[in-house]
Amino acid sequence: MLEAADPVVYTVRFPSPVSHYAEVEAKIPVAGEKSVEVFLPVWTPGSYLVREYARNLENVHAADGAGADLAIEKTRKNRWRIAANGAREIILRYRVYCREMTVRTNWVDENFALLNGAATFISPLGDLHRPYEVKLELPASWKLSISGLRELEPNHFVAPEYDTLVDSPILAGNPVVRQFVVDGKTHYLVNEGETALWDGPRSARDAQKIVEQNLKMWGSLPYEKYVFLNLIVGGGGGLEHKNSVCMMTGRYATRTRRGYLGWLDLVSHEYFHAWNVKRLRPVELGPFDYENENYTQNLWVAEGFTDYYAPLNIRRAGLSTDAEYLSPPPASERDVQSLSAQIDMLQNTPGRLAQPVQSASYDAWIKLYRPDENTGNTAISYYNKGALVGWLLDTHIRHLTDGKKCLDDGMRSAFAQYSGAHGYTSEQFQKVMSDAAGQDLSSWFHKVLQTTEEIDYTEALEWFGLEFKKTDPPKADNRAKAWMGFVTRAAEGRLLVSQVPRGTPAEAAGLSVDDEILAVDNWRITAEGWGQRLEQYAPGDTVELLVARRDQVIKVSAKLGEEPTKKWQLQINPKATDDQKLHLKSWLTGS
Ligand SMILES: [Zn+2]
Numbered sequence: 014m015l016e017a018a019d020p021v022v023y024t025v026r027f028p029s030p031v032s033h034y035a036e037v038e039a040k041i042p043v044a045g046e047k048s049v050e051v052f053l054p055v056w057t058p059g060s061y062l063v064r065e066y067a068r069n070l071e072n073v074h075a076a077d078g079a080g081a082d083l084a085i086e087k088t089r090k091n092r093w094r095i096a097a098n099g100a101r102e103i104i105l106r107y108r109v110y111c112r113e114m115t116v117r118t119n120w121v122d123e124n125f126a127l128l129n130g131a132a133t134f135i136s137p138l139g140d141l142h143r144p145y146e147v148k149l150e151l152p153a154s155w156k157l158s159i160s161g162l163r164e165l166e167p168n169h170f171v172a173p174e175y176d177t178l179v180d181s182p183i184l185a186g187n188p189v190v191r192q193f194v195v196d197g198k199t200h201y202l203v204n205e206g207e208t209a210l211w212d213g214p215r216s217a218r219d220a221q222k223i224v225e226q227n228l229k230m231w232g233s234l235p236y237e238k239y240v241f242l243n244l245i246v247g248g249g250g251g252l253e254h255k256n257s258v259c260m261m262t263g264r265y266a267t268r269t270r271r272g273y274l275g276w277l278d279l280v281s282h283e284y285f286h287a288w289n290v291k292r293l294r295p296v297e298l299g300p301f302d303y304e305n306e307n308y309t310q311n312l313w314v315a316e317g318f319t320d321y322y323a324p325l326n327i328r329r330a331g332l333s334t335d336a337e338y339l340s341p342p343p344a345s346e347r348d349v350q351s352l353s354a355q356i357d358m359l360q361n362t363p364g365r366l367a368q369p370v371q372s373a374s375y376d377a378w379i380k381l382y383r384p385d386e387n388t389g390n391t392a393i394s395y396y397n398k399g400a401l402v403g404w405l406l407d408t409h410i411r412h413l414t415d416g417k418k419c420l421d422d423g424m425r426s427a428f429a430q431y432s433g434a435h436g437y438t439s440e441q442f443q444k445v446m447s448d449a450a451g452q453d454l455s456s457w458f459h460k461v462l463q464t465t466e467e468i469d470y471t472e473a474l475e476w477f478g479l480e481f482k483k484t485d486p487p488k489a490d491n492r493a494k495a496w497m498g499f500v501t502r503a504a505e506g507r508l509l510v511s512q513v514p515r516g517t518p519a520e521a522a523g524l525s526v527d528d529e530i531l532a533v534d535n536w537r538i539t540a541e542g543w544g545q546r547l548e549q550y551a552p553g554d555t556v557e558l559l560v561a562r563r564d565q566v567i568k569v570s571a572k573l574g575e576e577p578t579k580k581w582q583l584q585i586n587p588k589a590t591d592d593q594k595l596h597l598k599s600w601l602t603g604s
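Numbering (this note's numbering), first residue to last: 14 to 604.
Printed below as a string of structure tokens:
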């Protein structure tokens with residue numbers, strides 16, 4: 014058995030960072046066992062995909078405290094057994110290839126290192142409630158390392174147990190570190206890659222406003238310090254932790270309104286997780302099984318409600334306008350930051366009629382994180398539908414309590430009850446919300462969570478005095494536009510089908526993914542020419558397509574449909590009553 018008080022101590026070195034390797038040495042105290050088994054996680058919490066981190070390891074080697082080699086063998090894809098032969102200490106050495114630039118993986122180059130615990134730190138199996146230490150030996154040109162972990166001295170961190178170690182990514186290099194204090198607690202905005210392109214002071218000022226808005230909503234900050242690791246490296250994404258976050262963003266994000274709203278949304282989303290999922294959590298998400306999938310039906314709360322609040326808190330913090338929150342101009346239509354964009358996305362996903370949102374959560378490991386060309390037909394995003402369930406639940410509580418209570422009250426109450434050692438079950442979470450609403454909501458929840466019935470927006474529209482903008486159907490040549498409904502891609506000028514959504518003329522005609530459209534009505538077609546060619550037809554016309562499918566040339570008849578109207582843009586109803594205007598104001602300002 015391991016002595017509970019003895020820490021596992023890792024030393025991480027970067028002898029040749031340009032080759033993208035980190036070298037790890039782990040000192041593991043043992044108590045004289047014959048053999049010791051160690052493991053590396055296969056996934057990291059917050060990102061529901063088995064990533065097989067062990068595939069990036071090499072030269073795994075073990076010795077005893079005196080330097081004598083110990084035999085080591087693999088017992089699983091991510092486990093090793095060491096013949097300890099009664100040694101008091103095992104020195105494990107291995108190299109980690111770090112060249113996957115995402116928030117859940119490792120990166121090392123000559124400029125900086127991002128280390129995620131699950132991908133880096135091999136631990137003895139068994140009791141993970143023991144201290145862990147990490148010492149970093151940085152290349153001479155790097156000035157610092159930073160993490161949500163407690164720092165004993167520069168480049169020397171300590172975690173009380175393995176969960177905290179895994180939950181605290183470490184950044185080392187030469188980032189610009191900007192600090193601000195809210196409610197007596199220091200927050201660090203760590204900008205790796207900050208150049209003259211990035212507005213550092215503004216990003217720190219606005220991150221502070223998001224923190225203050227959350228303090229206003231939740232009543233207190235649930236940590237001692239908080240670290241925003243902001244990697245300005247291109248790409249995107251974020252991964253939440255208890256007192257830190259790892260985010261990736263584009264270099265130009267502060268230079269356009271659209272880009273900046275996107276960055277604020279990322280900050281607001283990830284920071285909200287400090288409450289929702291890192292503390293207030295589904296019962297299945299902790300203690301974690303690091304070697305297998307951890308299934309839960311409640312990611313519609315953990316991610317969906319977080320997506321509901323992220324842009325709303327930006328609005329409430331005064332960082333966006335009512336119009337930007339509700340319905341931004343078409344240029345940013347596809348960014349899921351506005352409520353309209355969320356509604357539009359769900360209503361244009363055929364999979365909403367195939368998969369209830371609880372199943373979308375449960376199957377995250379094989380569906381959302383592993384999309385393919387048919388995903389839109391069979392699945393939905395629990396972020397997307399979850400955010401809308403959040404909005405509808407917020408409205409429903411307001412309506413039932415005549416505006417005295419709202420989802421904020423439900424979330425505070427859920428946090429008070431289920432943010433400790435135990436998470437919530439589906440029933441417990443729904444009970445808290447029923448209590449906030451003053452009546453039993455189980456049949457309401459059943460419909461939105463467990464069925465694929467279309468969402469009814471009427472209550473929300475009426476409570477807040479909103480309506481969907483009426484837009485004319487798209488036109489070409491002064492008549493309704495003909496429509497095939499498939500998604501295509503160009504390959505060296507050739508026109509290829511990449512998705513066949515359900516309910517489209519393309520599906521009815523029997524077109525298939527990877528079909529190459531060679532000609533329309535016997536005239537050659539290229540990828541560039543498709544849009545214009547279609548304009549020569551009217552809805553209802555039948556076209557004959559010459560198609561190359563798996564080396565065979567075939568003819569396919571397709572009856573064109575009418576391009577659907579985009580009808581999911583919210584606007585304020587010009588006839589809204591004073592009560593409705595008041596409801597809208599109270600919601601958007603959070604007062
Ligand atoms: Zn999230």
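Glycine included, C-beta positions come from ideal geometry on N, C-alpha and C.
Using a Cβ-Cβ cut-off of 8 Å (strictly less than) and excluding sequence neighbours within five positions of residue i, which residues of its own chain qualify?
i      : result
Ala551 : Arg492, Ala493, Ala495 and Leu573
Glu225 : Val195 and Ala330
Trp120 : His33, Cys111, Arg112, Glu113, Met114, Ala126 and Leu127
Within its chain, find whatever has a CB closer than 7 Å to the CB of residue i; leave out the 5 residues flanking it on each side and keep chain order.
i      : result
Leu508 : Thr501, Glu529, Ile530, Ile538, Thr539, Ala540 and Trp543
Val526 : Glu386, Val510, Ser511, Gln512 and Val513
Lys87  : Trp93
Glu123 : Pro30 and Val31
Leu339 : Ser351, Leu352, Ser353 and Leu583
Going by the beta-carbon positions, is the gap between residue i and residue j smaller than 8 Å?
i      : j      : result
Ala97  : Val43  : yes
Gln430 : Pro369 : no
Ser351 : Pro324 : yes
Glu297 : Met260 : no
Ala131 : Tyr66  : yes
Val240 : Val280 : no
Leu645 : Leu583 : This structure does not reach residue 645, given that the chain is present from 14 up to 604, and the question cannot be answered.
Glu304 : Phe499 : no
If you draw a straight line from the C-alpha of residue i to the C-alpha of residue j, how long is it?
i      : j      : result
Val22  : Ala153 : 22 Å
Gly263 : Tyr437 : 36 Å
Asp278 : Pro341 : 14 Å
Lys483 : Thr471 : 16 Å
Thr465 : Ser372 : 11 Å
Ala126 : Ala185 : 5 Å
Glu475 : Thr602 : 18 Å
Pro20  : Lys579 : 59 Å
Gln443 : Ile41  : 44 Å
Give the secondary structure of residue i by DSSP, where H, G and I count as helix, E and B as strand, and everything else as coil.
i      : result
Ser233 : coil
Ile410 : helix
Asp77  : strand
Asn326 : helix
Phe170 : strand
Ser525 : coil
Arg271 : helix
Gln192 : strand
Phe428 : helix
Val240 : strand
Ser345 : Here Ser345 scores only 47 on pLDDT, less than 50, and its place in the model is too uncertain to base an answer on.
Met114 : coil
Phe134 : coil
Tyr23  : strand
Answer with buried or exposed for residue i, where buried requires no fewer than 16 other C-beta atoms within 10 angstroms of its C-beta.
i      : result
Lys156 : exposed
Gly451 : exposed
Pro518 : buried
Pro58  : buried
Lys488 : exposed
Lys291 : buried
His286 : buried
His459 : exposed
Ile567 : exposed
Tyr265 : exposed
Asp180 : buried
Ala75  : buried
Asn72  : exposed
Gln192 : exposed
Glu166 : exposed
Once you ignore the five residues that flank residue i on each side, which residues in its own chain have a CB closer than 6 Å to its CB?
i      : result
Gln360 : Trp581
Trp56  : Val63 and Arg64
Is there a Cβ from chain B that is less than 8 Å from the Cβ of residue i?
i      : result
Lys568 : Absent from the structure: chain B. Only one protein chain is present.
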